[in-house]
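Structure, as structure tokens:
Chains as they are written, first to last, in the working numbering: chain H, 1 to 635; chain V, 1001 to 1244; chain B, 2001 to 2300.
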């Protein structure tokens, strides 16, 4: 929320007044614009114009719903018309068969659409996007055909004589009436959408769009968020469907074709995916333009197709692109001393540990002792086809130690990390963290258990600012519900403020507070690595896994890295490191394990490892090798 | 004028400068080792020479002709063959089909293709035994042999190998490098990127050490092998300092 | 036993057409990870080009063998040009962009083709000359198998066989298979990847066009919307067989044809599409790699 504050163009005022004033702009703008447009259309008096305006509003509503699915979560849904249909038929049937009031049918319309979305979405949202597109297309067609074949729903003739809505005795039966209702719904949808976009959910969606793998691995429950977007978008489509049914008075399967799904997609692509004003522009173009250019009405689909392709090639961001303001971070937050920050984090960490121990004891579990291993890897085996990448590897990592995993390239080290963090499922073996098994859990669950990681080759969210990247890492720690985000409740605002504060602390911890507002890609490689570390630490892990953190760094940067690792250690966090820079490893580690060709060949203190002949042989090759080849040279 | 001349090449990944002015040379029959820790830029160097990456500035010449800006498949036609890191053989194709693809440029000359395949089989008899087998079912060492054999099918003047000993047992690695020696002895210039410093230096004539995109050491292989700085780069200088 | 055999015959005939279109999807997807939405519409274009030659240009009055050869070859060439155009102007510029952008463009291309066809040939149903070929045939039990049916299936099998021979037997064909594994490694062999991709598009288009002409001959009636459902069924077939897997696409096509025939025969034509989509969704959820395993480029 602070991001919103800092991004607006209002002059600097005291934070209290600013909070109140800034809470208003977007919502006020929306209501104002829509009110003006609404008034001018209605005052115009021409029923035809009003009717077109209602159509625009309907398409805009559908566009807003699809926008959440495609624009926010990045899922290509080609069967959106199905939700429109389910909502329309539900409402129509209840009104004609059971004589319900229109407004009473709305919750059911939304419920059925949401359920349908959940049922289809749950098994299919894990598919890759192109398959998902076809699946949703199939779903759209299946829905239409089912309604077409279903006699109770009127078959090909559909449902006729749907009554007007009745609002406490006042019957809505003119275009102007519907227009007002439509505008009201639009305003609500836009405000909710905006709140979602700027909330924790919105960040999560952007993260998933940018790099789903990284998002999942830093704690964002990607499947759940995708499902949320799909279902919410669907429910909104259902609502629009109910509205449509009562407005037109008759519905049949030809209103819900694939062509409609494509048209809605065109609406948001033309306007700009993810852009709210863009949806309005898109709806205007798609509905009003064929009315104006009557002679081309027959070819409207052709023209739209050309526009679609042209947009993708020339102006993919749309006619009114979504503006990502570069916010000034941390506005309004209190300053904290560097010492304070570390102490505060340490204290929180200790509190967390105590809380967890208390809970475990209360539940009758054994409370882990300091001397217990934090991470136990036992008999780990991983195989890719015929290749045994990890061969019966076992080791323990104790609390608060710095443990390094080294070995020649291709030795299986990253595979071990991937098994620990849930990215892969090992063929055999056990992995226990803090006494509990983490095998088979999804990566974001493992993050919430207390394991964080960075990646070989940096995986930051490129189009987000530095501090937003860290805020994504905080996803598991804050618990606002979706509805709170939509309504932008005080509870949610407080939560966002805390998240911002936390992200600032962690950036300060790695020494990057001054770069907080910059785009992630603008930073140097070493700085990006530090942001990644801050992001991993943001979830307050008890164990962090760093995969080749020093790669691509010069000696000065490596020294700084060692400093950060030591600071992390001082916080009481256990560190496991994969590294190739031997001097760094020797300097910073308490214990080292060596992995060669998937086999653990040595574990011990740095000095022992350096003297270990098996290790030396693995890295440099045997002395005899040299001699042999020397002989060959001479021959 | 050397056969392969790379001069002050700068390469960028997005905004990050991966190669900061690389200069190196190779002559026919010479084995040139390129050493350095992970992420230093060794693979990037090879990929730039073979055309998979474009340099932002600098020159790359083979036999006097510039390679910069040319597409990778054109560079192969000019006599440069690159065996990429991780072998990257076509696992759903047979050994024979992989080799045939290696001879893609001369595919219309069936006799020539047959001849070259025979040469490869002479060099790697194990491959001959498995010629109809799917490449994906071969062992690591056999896949490496296939990758090299495939690269030889275009009869290259310059052969570039990216970590051929990766994932191989020491014995196999030794055998592969011995074969590399034989190839060089026939007159091919060889660029060898290796993690196994000792073995690489043992067969190379000269070597370059790359760190963070720059060449920090270069010289005769034998001299470099005794250089303390090389030892330090690979085994942490034997100072035992932990956190205690 | 009667109906079952009849449905089977119909299913295999139509299935062979689906197989041809499925091959186009599978080859392109294997190499580029791109669903060429326009693939089904290419079949429609082929059908209409054939119609134009036979009916509009009156080639139906030529000696039958000449007419058939022209009716197949010209549409195949014409459709190949169209597909190359799509590749060059729509797909190539976008290959490095997000998956979403490519999918939307592919979709746009499909709609573009459909509506352009409507513009050129009109929205009404057109008909292939119904008496172009004799309707005589042979009897197997109760089932009447026309020579036309046999002929069309034979042509389909020949085309498919030709493709397989090309892909297995020639070096360029092998290069195409290699592209379904690793593009960079292919480049390092001296393979001009762009050229081979173009070849894949040409082959896919030719197969689709042939299937379109055959559909015209078999069903007589064609319409500019025929590509949509055809494309979806063919894509389902490709996925069923394992995307990128050439024998898989052929098998998948036959299976979908049979499924369709049995559904229409035993249940009703109304539920045909629902069943096909149901199969698609089930396969993707339960075994996304298809019956025979997928072959998609890991590195592009």
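Cβ atoms here follow ideal geometry from the backbone N, Cα and C, with glycine treated the same way.
In the DSSP output, which residue or residues are listed as bridge partners for residue 479 of chain H? Note: residue 479 of chain H sits in no beta bridge, so no partner.
Where residue 1150 of chain V falls: helix, strand or coil (DSSP): Helix, per DSSP.
How close, in whole Å, do the beta carbons of residue 390 of chain H and residue 407 of chain H come, if the pair is a contact with beta carbons under 8 Å? Between the beta-carbon of residue 390 of chain H and that of residue 407 of chain H there is about 11 Å, and that puts the pair past the 8 Å contact cut.
Beta-carbon gap between residue 2304 of chain B and residue 2258 of chain B smaller than 9 Å: Chain B is shown from 2001 up to 2300; residue 2304 of chain B falls before or after that span and cannot be answered.
Tell me whether residue 643 of chain H sits in a helix, a strand or coil according to DSSP, three-state version. An answer regarding residue 643 of chain H cannot be provided, because it is not within the stretch 1 to 635 covered by chain H.
Enumerate in chain order the residues of its own chain whose CB-to-CB distance from residue 1027 of chain V is below 7 Å, with the five nearest sequence positions on each side excluded. Excluding sequence neighbours, residue 1027 of chain V sits near 1002, 1003, 1189.
Considering residue 596 of chain H, what are the terminal residues of the beta strand (DSSP E) in which it resides? Taken as a continuous stretch (DSSP letters only), the beta strand (DSSP E) holding residue 596 of chain H covers 591 to 596.
Nearest to residue 60 of chain H (by Cα), restricted to the options H:532, H:278, H:205, H:309: Nearest C-alpha to residue 60 of chain H: H:278.
With a cut-off of 9 Å, does the C-beta of residue 2099 of chain B fall near any C-beta of chain H? Flagged as an interface residue toward chain H: residue 2099 of chain B, by a C-beta distance shorter than 9 Å.
Tell me which residues share the same chain as residue 320 of chain H and place their Cβ nearer than 7 Å to its Cβ, disregarding the 5 neighbours each side in the sequence. Result list for residue 320 of chain H: 271, 272, 275, 277, 278, 281, in chain order.
Candidates B:2174, B:2272, B:2233, B:2254, of which the one nearest residue 637 of chain H by Cα: Outside the modelled stretch of chain H, which goes from 1 to 635, sits residue 637 of chain H, for which no answer is possible.
Starting from residue 2028 of chain B, find everything on chain H with Cβ-Cβ shorter than 8 Å and list it in chain order. Residues of chain H passing the Cβ test: none, with the nearest at roughly 12 Å.
Any beta-carbon of chain B closer than 9 Å to the one on residue 256 of chain H? Not flagged as an interface residue toward chain B: residue 256 of chain H, since no C-beta distance is shorter than 9 Å.
Where residue 373 of chain H and residue 354 of chain H are concerned, what is the direct C-alpha to C-alpha distance, given to the nearest angstrom? Straight through space, the alpha carbons of residue 354 of chain H and residue 373 of chain H are spaced by roughly 17 Å.
With the cut-off set at 9 Å, would you say residue 1076 of chain V and residue 1101 of chain V are in Cβ contact? Taking 9 Å as the Cβ cut-off, residue 1076 of chain V and residue 1101 of chain V do not qualify as a contacting pair.
If the cut is a Cβ gap below 8 Å, which residues of chain V does residue 414 of chain H touch? Near residue 414 of chain H there are no residues of chain V at all, since even the closest Cβ is about 11 Å away, more than 8 Å.
List the DSSP bridge partners of residue 396 of chain H. Answer is H:376.
Bounding residues of the alpha helix (DSSP H) (the contiguous stretch that carries residue 175 of chain H): It spans 175 to 197 - the alpha helix (DSSP H) in which residue 175 of chain H sits, taken as one unbroken run.
Mind checking residue 1158 of chain V: buried by the 16 CB within 10 Å criterion, or exposed? Looking at its Cβ environment, which holds 16 or more other Cβ atoms inside 10 Å, residue 1158 of chain V is buried.
Just the Cα atoms here: how many angstroms apart are residue 154 of chain H and residue 2107 of chain B? Those two C-alpha atoms are separated by around 32 Å.
Is residue 1007 of chain V helix, strand or coil by DSSP? Reduced to three states, the DSSP call for residue 1007 of chain V is strand.
Give me the Cα-Cα distance between residue 56 of chain H and residue 187 of chain H, rounded to the nearest whole angstrom. Near 14 Å, if we compare the C-alpha coordinates of residue 187 of chain H and residue 56 of chain H.
Would you identify the three-state DSSP class for residue 433 of chain H, choosing helix, strand or coil? In the structure shown, residue 433 of chain H sits in a strand (DSSP, three-state: E or B).
Would you mind giving the Cβ-Cβ distance between residue 204 of chain H and residue 65 of chain H, rounded to the nearest angstrom? I have them listed as a contact below 8 Å. Between residue 65 of chain H and residue 204 of chain H the Cβ distance is about 19 Å, and since that is not below 8 Å, they are no contact.
Taking C-beta pairs closer than 7 Å, name the residues in chain H that residue 1015 of chain V reaches, listed in chain order. Under a criterion of Cβ atoms nearer than 7 Å, the residues of chain H adjacent to residue 1015 of chain V are, in order, 521.
Which complete alpha helix (DSSP H) runs does the stretch 105 to 181 of chain H hold, if anything under 4 residues is left out? If we require 4 residues or more, the alpha helix (DSSP H) runs fully inside the stretch 105 to 181 of chain H come out as 129 to 149.
Does DSSP put residue 80 of chain H in a helix, in a strand, or in coil? DSSP places residue 80 of chain H in the coil class of the three-state scheme, outside both helix and strand.
Taking Cβ-Cβ distances shorter than 9 Å, what residues in chain H pair up with residue 2041 of chain B? Chain H residues near residue 2041 of chain B: none, gap ~11 Å exceeds 9 Å.
Close beta carbons around residue 2190 of chain B, own chain, < 8 Å, minus the five adjacent residues each side: There are no such residues.
Have a look at residue 2026 of chain B and residue 113 of chain H and give me their C-alpha separation to the nearest angstrom. Going from the Cα of residue 2026 of chain B to the Cα of residue 113 of chain H covers about 34 Å.
For residue 2270 of chain B, three-class secondary structure by DSSP: The three-state secondary structure of residue 2270 of chain B, taken from DSSP, is helix.
Buried or exposed by the 16-neighbour rule on C-beta atoms within 10 Å, applied to residue 481 of chain H: By the neighbour-count definition (other C-beta atoms within 10 Å, threshold 16), residue 481 of chain H is an exposed residue.
Answer yes or no: does any C-beta atom of chain B fall closer than 9 Å to that of residue 146 of chain H? At least one chain B Cβ lies under 9 Å of residue 146 of chain H.
What residues are listed by DSSP as bridge partners for residue 1080 of chain V? DSSP, once it has assigned bridges, lists V:1158 as partnering residue 1080 of chain V.
Under 9 Å between C-beta atoms of residue 210 of chain H and residue 461 of chain H: Inclusion of residue 210 of chain H and residue 461 of chain H in the CB contact set at 9 Å is warranted, their separation being smaller than that value.
Which residues share a DSSP beta bridge with residue 2146 of chain B? Looking at the DSSP assignment, residue 2146 of chain B forms a beta bridge with B:2137.
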